[in-house]
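In the working numbering, the protein residues as written are 416 to 836. C-beta: ideal position from N, C-alpha, C; glycine also. Okay, so here's the structure we're looking at.
Encoded structure:
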């Protein structure tokens, strides 16, 4: 059956399933899963686009020796994309032709990790061929210092595309969620009439309910009485102010394992900084501390201001953040780190305790990413939890809710316990 080169893997599968007998389709699928070494045992020979897809998979996930420079096998199943950039560019083009974008991103990440392709990303032609995603941005940031000038503009374009996609996805919900939280947290006890929150006012004054005789039968209940609530305490919404209602400090670990978290934190930092009712500070650290607040208007500049890798000194970073706090009761500090502390552990915990005692809302996120449960220091996480600062992994979609709860001083919406210390 003839197929055009541009057909995706899904379309190929759909046609094969409908055209091939069930047993033949089962053998074909097993052959694709098991690889070239199992061709004899399945009795199935791949042709056309199936063979091309198998070659692309074999180049990355095979094990053994005997690869040609273009990634096709010479007998044994082996891994390798050849020594030249053109062969890698061809392979990147192949996988984008045969697989959906989500699969392409996974394969690219595996190729960088398994086959050491990081150096090839320093070539503009390579960057133009890849599918941009958060993990690729992390890799590019880690290569920033080694990147030649001819590649930097291409790299910035790739990073900007990912950042803009993330902003479109995350900005509107973040703004809506935090604006509501700020309005609710600004309630005052002596509001003007039009600013009264009647629902909360009634709830706050139910103890002052008075039973009164009904003026006539039409308004009387079964007991012949009616009642009223005497509002001794009014609860209202605070009126808008040009001054910031809350101070937010994002303190982000830039060690190599936190790459995705750094990307998301930079995007969220830019979104928060654009909200006039928030004063946002972004601090990144390894063994040194860098304040990137003045670059928050452009998250791409923020990202290229980071230096992924190196050690970790959480205590030193928190000391800097603590020194910048002027309104403890109106401050939320968000530590994003895997908690592998290279500094002074006891001092770090004392610092967190001191901030909480002063009224600071302290949030500890083990990761800000879509990756699920990260690797982290369980002992430090448990110690923070004992201080009333539970540490947990957070997806980007959950982050606005976490921030809203911190602003309103409500319990944090901690995800399923299986992801927690």
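Throw me the rounded Cβ distance for the residue 553 and residue 723 pair, which I believe falls under 8 Å. 7 Å
Measuring only the C-alpha atoms, how far is residue 446 from residue 674? 36 Å
According to the Cβ coordinates, are residue 539 and residue 566 closer than 8 Å? yes
What's the call for residue 568, buried or exposed, on a 16-neighbour Cβ count within 10 Å? exposed
Could you have a look at residue 694 and say whether DSSP puts it in helix, strand or coil? strand
Delimiting residues of the alpha helix (DSSP H) encompassing residue 751: No alpha helix (DSSP H) holds residue 751; the beta strand (DSSP E) holding it covers 746-751.
Starting from the C-beta of residue 737, find all residues in its chain whose C-beta is less than 7 Å away, skip the five residues before and the five after it, and write them out in chain order. 766 and 770
Of the listed residues 664, 460, 671 and 510, nearest to residue 559 (C-alpha basis): 671
Need the endpoints of the beta strand (DSSP E) that residue 806 sits in, please. 806-809
Span separating the alpha-carbon of residue 621 from that of residue 763: 45 Å
To the nearest angstrom, how far is the alpha carbon of residue 746 from that of residue 660? 9 Å
Among residues of its own chain, excluding the 5 on either side of residue 676, which ones have a beta-carbon nearer than 8 Å to its beta-carbon? 667, 668, 751, 780, 782, 783 and 784
Beta-carbon within less than 7 Å of residue 561's beta-carbon, same chain only, minus the 5 sequence neighbours each way: which residues are those? 537
By the three-class DSSP mapping on this structure, what secondary structure does residue 371 have? Since the displayed the chain opens at 416 and closes at 836, residue 371 lies outside it and no answer follows.
Bridge partners of residue 779, per DSSP? 750 and 806
What is the rounded straight-line gap between the Cα of residue 646 and the Cα of residue 790? 52 Å
Could you give the first and the last residue of the continuous beta strand (DSSP E) run that contains residue 712? Looking at the DSSP string, residue 712 is not in any beta strand (DSSP E), and its letter there is neither H nor E.
Give the DSSP-derived three-state secondary structure of residue 643 in the structure shown. strand
With three or more beta-carbon pairs closer than 8 Å as the criterion, would you say the segment 810-829 touches the segment 580-598? yes
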